[in-house]
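*Asks:* Its first residue numbered 32, the sequence shown is counted upward by one per residue in the numbering used here.
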Amino acid sequence: GTSFSTPIVAGIAALMRSVNANLTPAELSARLASSATPFPANTTGLPVCPSNDATTGECACPPSGQCGSGMANALAAVTAAERPIAAVAIGSGGALDASVSAPSCGRTIMGYAWAAGTGVTVSSTSGPTVTASGTGTLTLTVTDSSGATDVATITLVGGVATTTAPSSAGTATSACPSALAVNVAAPTVAVAFSPSSVGENAVSTLTITFSNSNPFALTQAAIDYTLPANLTIASSPQTTTSCTGGQISATYTSTNIAILGAVIPAKGGCNVVIPVESATAGTYTVSIAANALSTAPAGGNTAAASGNLTVNAPSHGGGAFSWPDLLIGAGLVVLIRPRRLRGRGR
């Protein structure tokens, strides 16, 4: 198949298994093929595959063979999967036991019908067990509680039986697939500043990290966060993200960080790195609330995360002198002026 048809057929196979987990891969494949819809008639005069139209590359599939069994039909395939599985256990002396047949999930076996061909003698035409003799074919039809049937053919040669039917088809219980327990861990978020203390208008790097402990990637990751007042995104260096994704869209304004459609890798993480600065001294807390980050398969972060940046004012900043400053300054004047006077006297 193609990259388009393969996931469709795989999905149909999963649906078939969901109604009859007793089907073996070979049995499932056979029922999938037998339930296919025939290819449409070639009413437009297209070349028959493998020949194709020189301009469009198109060709018409013949009724069978060249293009496979036909077009996959999900409803028909699931209906086929719901049929019982006719099975025959062959014993000695021509003993045949069909009680090893199995219904699909939620159904029961209601009847067994044996039809002997020419040259074959059978002890009964109904019931799960019979004894057969002779040379020829014997047909078993198993009917379930919904009226669906499956057929098995037994070949006898001198009273020795062989069949392509399975010797056991499972049970009514095993026909229902076990519930799958999928434990999905929520993503986590971490916030860090480097350095965590800077001066006014000095740049610090804010790193917001998204982590994923699951053995599968988290897709459609998104977050939208606005920085605290007076904390802005610096124009340099450039804001970057290591998160990938075919549909990723990352936007940044002077105060807002927004990522949409990102992918957080399996058993790994990615981040967004933002240069920030402030002209106003103070302590700034970047706090990412629970569920601020969202993902498609694992939901949002269940725990909040935060980090602090301290912006320090200049040590004096042009303000009033302190008493120690004045005393030191006065001492310098006293020390310097006598030297100047001696120099003038000379």
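We put the CB at the ideal spot given by N, CA and C, even for glycine.
Would serine 34 pass as an interface residue toward chain B - the criterion being a Cβ-Cβ separation below 8 Å?
*Replies:* The structure shown contains no chain B; it is built from a single protein chain.
*Asks:* Around the Cβ of tyrosine 315, are there at least 16 other Cβ atoms within 10 angstroms (buried) or fewer (exposed)?
*Replies:* The residue in question, tyrosine 315, is buried, as its Cβ has 16 or more Cβ neighbours within 10 Å.
*Asks:* Residue range of the beta strand (DSSP E) that glycine 178 falls in?
*Replies:* Per DSSP, glycine 178 belongs to no beta strand (DSSP E) and is neither H nor E.
*Asks:* Should serine 66 go down as buried or exposed, given a rule of 16 or more other Cβ atoms within 10 Å for buried?
*Replies:* When all chains shown are included, serine 66 counts as buried.
*Asks:* How would you call glycine 374, buried or exposed, if buried means at least 16 neighbouring beta carbons within 10 angstroms?
*Replies:* A caution first: glycine 374 carries a pLDDT of 45, below 50, which makes its placement in the model too unreliable to give a value.
*Asks:* Pull up the distance between the alpha-carbon of arginine 62 and that of valine 109, whole angstroms please.
*Replies:* Rounded to whole angstroms, arginine 62 to valine 109 spans 9 Å at the Cα level.
*Asks:* Here's the rule I'm using: 16 or more other beta-carbon atoms within 10 Å means buried, otherwise exposed. How should alanine 329 be labelled?
*Replies:* Buried, because 16 or more other Cβ atoms sit within 10 Å of the Cβ of alanine 329.
*Asks:* Would you check if there are 3 or more beta carbon pairs closer than 8 Å linking the region 242-254 to the region 82-94?
*Replies:* In short, these stretches do not touch, since the Cβ pair count stays below three.
*Asks:* What is the rounded straight-line gap between the Cα of isoleucine 121 and the Cα of serine 198?
*Replies:* Cα-Cα distance, rounded: 8 Å.
*Asks:* What's the C-alpha gap between threonine 186 and cysteine 80?
*Replies:* Distance between the alpha carbons of threonine 186 and cysteine 80 is about 38 Å.
*Asks:* Could you spell out the range, first to last residue, of the alpha helix (DSSP H) harbouring serine 49?
*Replies:* 36-50 is the extent of the alpha helix (DSSP H) around serine 49.
*Asks:* What residue does the alpha helix (DSSP H) around glutamate 58 start on, and which one ends it?
*Replies:* Glutamate 58 -> alpha helix (DSSP H) spans 56-65.
*Asks:* Does the region 201-210 come close enough to the region 128-148 to have 3 or more Cβ pairs within less than 8 Å?
*Replies:* A contact exists between the region 201-210 and the region 128-148.
*Asks:* In the region 176-248, which residue ranges form an unbroken beta strand (DSSP E) of at least 3 residues, counting only runs that do not cross its ends?
*Replies:* If we require 3 residues or more, the beta strand (DSSP E) runs fully inside the region 176-248 come out as 180-188, 191-194, 219-225, 228-230 and 235-243.
*Asks:* Within its chain, find whatever has a CB closer than 8 Å to the CB of threonine 160; leave out the 5 residues flanking it on each side and keep chain order.
*Replies:* These residues qualify, in order along the chain: Ala126, Leu127, Asp128, Ala129 and Ser130.
*Asks:* To the nearest angstrom, report how far apart leucine 262 and glutamate 308 are at their CA atoms.
*Replies:* The straight-line gap from Cα to Cα measures roughly 6 Å.
*Asks:* Would asparagine 343 and serine 227 be called neighbours here (beta carbons separated by less than 8 Å)?
*Replies:* No; because the gap between Cβ atoms is not below 8 Å, this pair is not in contact.
*Asks:* From Ala265, Ser225 and Ala323, pick the residue whose C-alpha is nearest to that of threonine 286; which is it?
*Replies:* It is Ala265.
*Asks:* If you draw a straight line from the alpha carbon of alanine 163 to that of alanine 117, how long is it in whole angstroms?
*Replies:* Cα to Cα, the separation comes out at about 17 Å.
*Asks:* Quick one: using the 10 Å Cβ neighbour count with 16 as the cut-off for buried, is alanine 44 buried or exposed?
*Replies:* Flag for alanine 44 reads buried.
*Asks:* Count the other CB atoms, across all protein chains shown, that sit within 10 Å of the CB of alanine 310; report buried if there are 16 or more and exposed otherwise.
*Replies:* Exposed.
*Asks:* Just the Cα atoms here: how many angstroms apart are proline 69 and alanine 91?
*Replies:* Looking at the two C-alpha atoms, the distance is approximately 12 Å.
*Asks:* Is it right to say isoleucine 319 is buried, meaning 16 or more other beta carbons lie within 10 angstroms of its own, or is it exposed?
*Replies:* Per the 10 Å Cβ criterion, buried.
*Asks:* Check each candidate in Asp181, Ser280, Ala64 and Ala321 and name the one with the smallest Cα separation from alanine 196.
*Replies:* Residue Asp181 is the option with its Cα nearest to alanine 196.
*Asks:* Let me make sure I understand the geometry here. Which of Ala192, Gln251 and Pro93 has the alpha-carbon closest to that of threonine 74?
*Replies:* The shortest C-alpha separation from threonine 74 is found at Pro93.
*Asks:* Could you check if threonine 326 is buried or exposed, using at least 16 other CB atoms within 10 Å of its CB as the buried criterion?
*Replies:* It is buried - the Cβ of threonine 326 has at least 16 other Cβ atoms within 10 Å.
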